Amino acid sequence: MAKVAKYLRLLGFDTVYRGDLDDNEILGYCRFGRIGVTCDRRLQERMPNSIIVLRCEDAVTQLRRLAAMLDLARFAHPFTRSLCCNRILASCEKEQIFEKIPKETYRWLDGYWICPKCDRVYWQGTHAKRMRKKVYEILGY
Ligand SMILES: [Zn+2]
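My numbering puts the sequence shown at residues 327 to 467.
Below you can see the structure in the form of structure tokens.
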């Protein structure tokens, strides 16, 4: 589910993910209105209205199924959230973060975003092209 969580954040959804969450912690998050996503049917039996069970298959296929179930295309805000820590990104001036980006990129690109928690910088470079392709594969736009 790590990749599913990463892609949900890529799509802009507020996503809790930790590899060490136990069943009771997951159900605890669901009690506060979150939707649980798992491959574990036993977990769904404990809270059927809040847990979605996905077949164990590749992450993009899982996300496409989830997108169809929850109409994710309608609510997505791709490229607005930190992939590592889930925070909403803030736009920033490139002069503020010049030491964090490759010199080549600095020269030709002006739009940058920074995560207020982990300080990671994001931009629409070549890596973002691959990510846009993932968004298209999942949401169809
Ligand atoms: Zn972050």
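All C-beta atoms in this analysis are idealised placements derived from N, C-alpha and C, irrespective of residue type, glycine included. These figures come from a predicted structure and were not determined experimentally.
**Asked** Are the beta-carbon atoms belonging to A385 and K329 less than 8 Å from one another?
**Response** Counted from its first residue, the sequence shown places residue 385 at position 59. Counted from its first residue, the sequence shown places residue 329 at position 3. Yes, these two residues count as a Cβ contact at 8 Å.
**Item:** Any non-hydrogen atom of ligand 1 within 7 Å of E458 CB
**Value:** Here residue 458 refers to the residue found at position 132 of the sequence shown. A quick correction: the sequence has Arg, not Glu, at residue 458. The answer is no for R458.
**Asked** Straight-line CA distance for W449 to G437?
**Response** Translated into positions along the sequence shown, residue 449 becomes position 123. Translated into positions along the sequence shown, residue 437 becomes position 111. Taking the straight line joining both Cα atoms gives about 6 Å.
**Request:** Please determine, among M327, G338, G362, Y333, the residue with the shortest C-alpha to C-alpha distance to R400.
**Result:** Walking along the sequence shown from the start, residue 400 turns up at place 74. Comparing Cα positions, the closest option is G338.
**Message:** With a threshold of 7 Å (Cβ to nearest heavy atom), would R344 be considered close to ligand 1?
**Reply:** Position 18 of the sequence shown, counted from the start, is the residue given in the question as residue 344. Checking every heavy atom of ligand 1 against the Cβ of R344, none is found closer than 7 Å.
**Limits of the unbroken beta strand (DSSP E) element including I423** = In the sequence shown, the residue the question calls residue 423 occupies position 97. Unbroken run through I423: none, as it is neither H nor E.
**Prompt:** So what does DSSP say about R407, is it helix, strand or coil?
**Reply:** Locating residue 407 in the sequence shown gives position 81, counting from the first residue. Of the three classes helix, strand and coil, the one that applies to R407 here is strand, per DSSP.
**Item:** C356 versus L336 - alpha carbon distance
**Value:** On the sequence shown, residue 356 is found 30 positions in, with the first residue counted as 1. On the sequence shown, residue 336 is found 10 positions in, with the first residue counted as 1. Looking at the two C-alpha atoms, the distance is approximately 21 Å.
**Asked** Can you tell which of C444, H453, M373 has the C-alpha that lies nearest to the C-alpha of T431?
**Response** For this step, residue 431 is matched to residue 105 along the sequence shown. The shortest C-alpha separation from T431 is found at H453.
**Sequence-distant residues of the same chain with beta carbon closer than 7 Å to P442, five excluded per side** = By 1-based counting over the sequence shown, the position of residue 442 is 116. Excluding sequence neighbours, P442 sits near R413, A416.
**Message:** Quick check on A394: buried or exposed, where buried means 16 or more other Cβ atoms within 10 Å of its Cβ?
**Reply:** By 1-based counting over the sequence shown, the position of residue 394 is 68. A394 should be labelled exposed.
**Message:** Whole angstroms are fine: how far does the CA of T364 sit from the CA of L389?
**Reply:** Taking the sequence shown and counting its residues from 1, one reaches residue 389 at position 63. Taking the sequence shown and counting its residues from 1, one reaches residue 364 at position 38. Taking the Cα positions, L389 is about 12 Å away from T364.
**Message:** Please state whether the Cβ-Cβ distance between A402 and L465 is less than 8 Å.
**Reply:** For this step, residue 402 is matched to residue 76 along the sequence shown. For this step, residue 465 is matched to residue 139 along the sequence shown. A Cβ-Cβ contact shorter than 8 Å links A402 with L465.
**Request:** Spatial neighbours of H367 within its chain, please: CB distance less than 7 Å, with the 5 preceding and 5 following residues excluded, ordered by chain position.
**Result:** By 1-based counting over the sequence shown, the position of residue 367 is 41. In the sequence under discussion, the amino acid at residue 367 is Arg, which differs from the His named in the question. Same-chain partners within the cutoff: V379.
**Asked** Exposed or buried, what is T341 when buried is set at 16 or more other beta-carbons lying within 10 Å of its beta-carbon?
**Response** One-based indexing of the sequence shown puts residue 341 at position 15. Per the 10 Å Cβ criterion, buried.
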